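Participant: Attaching a single structure in structure tokens format; questions to follow.
Structure representation (structure tokens):
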């Protein structure tokens, strides 16, 4: 009789009961959860579950997704070192004869976490050139990634490199768009890379033109732009210009926007870029 595989994922939460229960529910959706051990001093919980490969992969994906949503390491304190909300996710062969089966399952889990959750995944032990978890817990992991000292085996490293390359092209200092300051960053909590920009003069470099340039560079790099984020507020003129470009209306300006015309009629000052 073939025995199931075992997984003993460690998550960086040992105090918040609701989060621990949410993790348990996520992990037990497809696999059999045998044990939960939580330690408030370590601020860490260890779950033991068993199942066939497909069941374990689905359970672990759900568990890691839950951890990403609920655990904020910026607020985490605990005696045990860690590198992530999901710290280690080992796959164990209950029967030693299944060692290769367990290794293949671990690689499948790692690949899907990287591809579907867009999180960096580092292999350790026999699958990771003999390196142990302590290798990754040493120092500032993000700084080591940015410096190229360590490279995730699965996840968003390529996207982060693409973001940095795109930022270098679009910013003014690199010969790109005037008044644009740009950095390529990896956002661990969001699980994706970002081209973070300050636009000093939207008339010199229109926002829609900047986005179009970023999308063009991303396409050439083989990555997809998932969306844009506005931090703070933008002038009405920037939105008007973008709307005119998107709608392909020649000569479109603030005079064609009802609310702005009403504000101007009522003598309420506003900045629309005219």
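In our numbering, the protein residues as written are 178 to 451. Note that CB positions come from ideal geometry on N, CA and C, so glycine has one too. Only a predicted model underlies this, so the values are computations on that prediction, with no experimental measurement involved.
(1) Can you tell me which of the three DSSP states residue 410 falls into?
(2) Work out the CA separation of residue 263 and residue 213 for me, nearest whole Å.
(3) Is the beta carbon of residue 403 sitting closer than 8 Å to the one on residue 369?
(4) Kindly list the residues whose CB is nearer than 8 Å to the CB of residue 318, restricted to its own chain and excluding five residues on each side of it in sequence; keep chain order.
(5) Using only CA atoms, which one of 204, 338, 418 lies nearest to residue 223?
(6) Does residue 253 come out as helix, strand or coil in the three-state DSSP assignment?
(7) From this set, 340, 225, 309, 190, which residue's C-alpha is nearest residue 218's C-alpha?
(8) So what does DSSP say about residue 323, is it helix, strand or coil?
(9) Ignoring anything shorter than 3 residues, give me the beta strand (DSSP E) runs that lie fully in the segment 186–219, in order along the chain.
(10) Can you tell me the Cβ-Cβ gap for residue 330 and residue 299, rounded? I've got them flagged as a contact below 8 Å.
(11) Rounding to the nearest angstrom, what Cα-Cα distance links residue 244 and residue 439 in this structure?
(12) With a threshold of 16 other CB atoms inside 10 Å of the CB of residue 246, please say whether the residue is buried or exposed.
(13) Quick check on the burial criterion: 16 or more other C-beta atoms within 10 angstroms. Buried or exposed for residue 336?
(14) Under 8 Å by Cβ, that's how I've got residue 269 and residue 183 pegged, so tell me the actual separation to the nearest angstrom.
(15) I think residue 359 touches residue 398, with their Cβ atoms under 8 Å apart; what is that distance to the nearest whole Å?
(16) Considering only the beta carbon of each residue, do residue 186 and residue 240 sit closer than 8 Å?
(17) Within 10 angstroms of the Cβ of residue 249, are there 16 or more other Cβ atoms? Answer buried if so, exposed if not.
(18) Starting from residue 245 and walking both ways along the alpha helix (DSSP H), at which residues does that stretch end?
(19) Suppose you measure from the CA of residue 267 to the CA of residue 207; what does that come to, to the nearest Å?
(20) Any idea what DSSP makes of residue 265, helix, strand or coil?
(21) By the 10 Å Cβ neighbour count, where 16 or more other Cβ atoms means buried, how is residue 382 classified, buried or exposed?
(22) Please list, in chain order, all residues of the same chain as residue 304 whose beta carbon is under 7 Å from its beta carbon, the five residues on each side excluded.
(23) Looking at the strands, I want to know which residues DSSP matches up with residue 221.
Facilitator: On the basis of the data shown:
(1) Numbered from its first residue, the chain shown carries residue 410 at position 233. Note: residue 410 maps to coil in three-state DSSP.
(2) Position 36 of the chain shown holds residue 213. Position 86 of the chain shown holds residue 263. Looking at the two C-alpha atoms, the distance is approximately 15 Å.
(3) If you number the chain shown from 1, residue 403 lands on position 226. If you number the chain shown from 1, residue 369 lands on position 192. It is a contact, given that the beta carbons lie within the stated cut-off.
(4) As a working note, residue 318 is residue 141 in the chain shown. Correct list, in chain order: 260, 327.
(5) For the purposes of this step, residue 223 is taken as residue 46 along the chain shown, with counting starting at 1. When each option's Cα is compared against that of residue 223, the closest is 204.
(6) Here residue 253 refers to the residue found at position 76 of the chain shown. DSSP places residue 253 in coil when its eight states are reduced to three.
(7) Counting from one through the chain shown, the residue named residue 218 turns up at place 41. Nearest C-alpha to residue 218: 190.
(8) As a position in the chain shown, residue 323 is number 146, starting the count at 1. Here DSSP, grouped into helix, strand and coil, assigns residue 323 to helix.
(9) Complete beta strand (DSSP E) runs here, min 3: 209–216.
(10) Counting from 1 along the chain shown, the entry for residue 330 is found at position 153. Counting from 1 along the chain shown, the entry for residue 299 is found at position 122. Between residue 330 and residue 299 the beta-carbon gap is near 6 Å, inside 8 Å, which marks them as a contact.
(11) For this step, residue 244 is matched to residue 67 along the chain shown. For this step, residue 439 is matched to residue 262 along the chain shown. Cα to Cα, the separation comes out at about 49 Å.
(12) What you label residue 246 is simply residue 69 of the chain shown in a count that begins at 1. Result: exposed.
(13) Counting from one through the chain shown, the residue named residue 336 turns up at place 159. Counting the other Cβ atoms within 10 Å of the Cβ of residue 336 gives 16 or more, which makes it buried.
(14) Numbered from 1 along the chain shown, position 92 holds the residue referred to as residue 269. Numbered from 1 along the chain shown, position 6 holds the residue referred to as residue 183. Yes, they are in contact, since the Cβ atoms of residue 269 and residue 183 sit about 4 Å apart, within 8 Å.
(15) As a working note, residue 359 is residue 182 in the chain shown. As a working note, residue 398 is residue 221 in the chain shown. Rounded, the Cβ-Cβ distance is 15 Å, inconsistent with contact.
(16) As a working note, residue 186 is residue 9 in the chain shown. As a working note, residue 240 is residue 63 in the chain shown. Between residue 186 and residue 240, the C-beta gap is smaller than 8 Å, which places the two residues in contact.
(17) In the chain shown, residue 249 corresponds to position 72, counting from 1. It is exposed - the Cβ of residue 249 has fewer than 16 other Cβ atoms within 10 Å.
(18) On the chain shown, residue 245 is found 68 positions in, with the first residue counted as 1. From DSSP, the alpha helix (DSSP H) with residue 245 extends over 230–247.
(19) Along the chain shown, one-based indexing puts residue 267 at 90. Along the chain shown, one-based indexing puts residue 207 at 30. C-alpha separation (whole angstroms): 17 Å.
(20) The residue you call residue 265 lines up with position 88 of the chain shown. Residue state, collapsed to three classes: strand.
(21) Against the chain shown, residue 382 aligns to sequence position 205. The residue in question, residue 382, is buried, as its Cβ has 16 or more Cβ neighbours within 10 Å.
(22) Within the chain shown, numbered from 1, the residue matching residue 304 stands at position 127. Excluding sequence neighbours, residue 304 sits near 280, 283, 284.
(23) Here residue 221 corresponds to residue number 44 of the chain shown, with the count starting at 1. When beta bridges are read from the DSSP output, residue 221 appears opposite 216.
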